[in-house]
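Asks: Residue numbers (my numbering): 294 to 651. All residues carry an ideal CB built from backbone N, CA and C; glycine is no exception. Computed from a prediction, not measured in an experiment: that's the story for all the values here. Below is a structure I'd like to ask you about.
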Ligand SMILES: NC(=O)c1ccc[n+]([C@@H]2O[C@H](COP(=O)([O-])OP(=O)(O)OC[C@H]3O[C@@H](n4cnc5c(N)ncnc54)[C@H](O)[C@@H]3O)[C@@H](O)[C@H]2O)c1
C-alpha cells in the first residue's frame, strides 16, 4: 500500500499502515519534499515527491491530499482498478465525486471514503439499536486550524454529520434551509441548516471552524427515547421511559398529590431510565484503515462507499445553495451570501486598548 499526501492526517495513515503486520507500506508520496522525506525516514519506507511511480507498485492506496486535488489523484488509481480510501469529502465538487464513484464501480475497485465518525464506537452502538429518529440536533464546532481552507466548513466539518444523519435517518432529504458566514476567506466558516427528511424526521445541524470551545455532539429524539452522543468523548447516553410508563403513560394530573410532589425528584430515577455507554479505547483511524484492508481482501462493500459519500455531498450542495442565496436583510437588494453582512451599527462593547506589538 501507499499513502498519497502525508501532511497533518496522511502521516497518521502512514504511521498506522506501517505498523500493521499484514500490510507492506511500499512508499509515501507528497509534493512537499521535506515533509515526505521526514515521514519516510521515520517509518523506514521509500519517499516519492510524485505519486505516479507508485501506480505500478501498490495493491491499494489512501489519498490524503487537500480536497481540491482528490479528483485528479484518485482518478489515476481508480482508472487502473486500484482500490482506494479517499479522505472526506470525496471531492470538492459533486460531479467529480460522482465520476470517481462511477469509475470505481466500472473498474471493480473498492472505494472507501474517510467518514471516520462511522467508526466512532458511540455511533456504532447507536445505529445497532431500534430507533426511529424524529428530531436530531448536531453541533460540530472547532477552532480555526488554518488547514482545509480550499473548502468551506460544510464540506470540511458538516459533511461528517450529513453522512451520519443519512445513515441514522435512512430516508432522503426533501427540503433544506440554511445560512452561513465566512470569517477568514472566500468560503463559509460557520453554517447552520435545517433538514426535512421524507419520513418526517427533522434535523438541525450547525458547524463552525471558528469556535474557541470544541464540541462534537448529537442529540436524537425518537418514540423509543432520547440519545446523546459525544463524538469527542465517545460516549452515548440513552434515556427511555420506564416499563410502567411505556404501559400506562404518565399523566401528572391523575397522580395522588403526594406522588405529584415527588415527580420532579423521581423523574430520572423512577420514571425515566438512563444509561451511559463509554466507547472503548480503540483508535478510530486504525479501525477505518483495517476495515478498508478487509474490504480489499474480501471484495466486500466498504461501510462508507462512493455512493454514500455522493449522497452526503448532494445534501451539502443544497445547503451551500441556500448559504449562497441567503438575504441578510430579507431582500436581494441588500447583502446576500456568506461573504456579505449588513454594515455594523456600532461596536458591541468598548474597544480594549491596543496591545503594544513589542
Ligand atoms: N476524516 C477526517 O476527520 C479528516 C480530518 C482532517 C483532514 N481530512 C481530510 O484529509 C485531507 C488532507 O487534509 P490535511 O489536514 O492532512 O491537509 P494537509 O495540508 O496537512 O496535508 C495535505 C498534504 O498533501 C500534499 N499534497 C498536495 N498535493 C499533492 C499531490 N498532488 N500529491 C501528493 N501530495 C500532495 C501537501 O503537500 C500536504 O503535505 C483533506 O481532504 C481533508 O478534508 C479528513
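Can you list, in chain order, the stretches of the beta strand (DSSP E) that have 3 or more residues and sit fully within the segment 385-440?
Replies: If we require 3 residues or more, the beta strand (DSSP E) runs fully inside the segment 385-440 come out as 404-407 and 428-434.
Asks: Given this structure, state the Cα-to-Cα distance separating residue 315 from residue 299, to the nearest angstrom.
Replies: Rounded to the nearest angstrom, the two C-alpha atoms are 21 Å apart.
Asks: Express the C-alpha separation of residue 459 and residue 509 in angstroms, rounding to a whole number.
Replies: Going by the C-alpha atoms only, they are around 17 Å apart.
Asks: In the DSSP assignment, find the unbroken beta strand (DSSP E) run with residue 570 in it and report its ends.
Replies: Element bounds for residue 570: 565-571.
Asks: Contact defined as beta carbons within less than 8 Å: I believe residue 469 pairs with residue 482. What is the distance between those atoms, to the nearest angstrom?
Replies: Incorrect: roughly 19 Å between the Cβ atoms, too far for contact.
Asks: Opposite residue 590 in the DSSP bridges: which residues?
Replies: According to DSSP, residue 590 bridges with nothing at all.
Asks: Cα separation between residue 549 and residue 519?
Replies: Rounded to whole angstroms, residue 549 to residue 519 spans 27 Å at the Cα level.
Asks: Do residue 621 and residue 635 come within 8 Å of each other at the CB atom, strictly closer than that value?
Replies: In this structure, residue 621 lies closer than 8 Å to residue 635 by Cβ.
Asks: Assign residue 363 to one of three DSSP states: helix, strand, or coil.
Replies: Helix, per DSSP.
Asks: For residue 430, which residues in the same chain have their Cβ closer than 6 Å to its Cβ, ignoring the five residues on either side in sequence?
Replies: The residues are 497 and 512.
Asks: Can you find a heavy atom of ligand 1 that lies under 7 Å from the Cβ of residue 360?
Replies: Flag set: Cβ of residue 360 near ligand 1.
Asks: So is residue 568 buried or exposed if we call it buried at 16+ other beta carbons inside 10 Å?
Replies: That one is exposed.
Asks: Cα separation between residue 351 and residue 319?
Replies: So the alpha carbons of these two residues sit roughly 7 Å apart.
Asks: Identify whether residue 451 lies in helix, strand or coil by the three-state DSSP scheme.
Replies: In this structure, residue 451 counts as helix in the three-state DSSP scheme.
Asks: Going by CA-CA distance only, name the one from 385, 369 and 433 that's closest to residue 359.
Replies: Checked all of 385, 369 and 433; the closest Cα to residue 359 is 385.
Asks: What does the Cβ neighbour count give for residue 405, buried or exposed, with the cut at 16 atoms within 10 Å?
Replies: By the 10 Å Cβ count, residue 405 comes out buried.
Asks: What are the uninterrupted segments assigned as beta strand (DSSP E) that are 3 or more residues long and contained completely in the segment 490-521, given in chain order?
Replies: Qualifying beta strand (DSSP E) stretches, in chain order: 495-501 and 508-515.
Asks: If distances are taken between C-alpha atoms only, which option among 610, 600, 642 and 628 comes closest to residue 395?
Replies: Nearest C-alpha to residue 395: 600.
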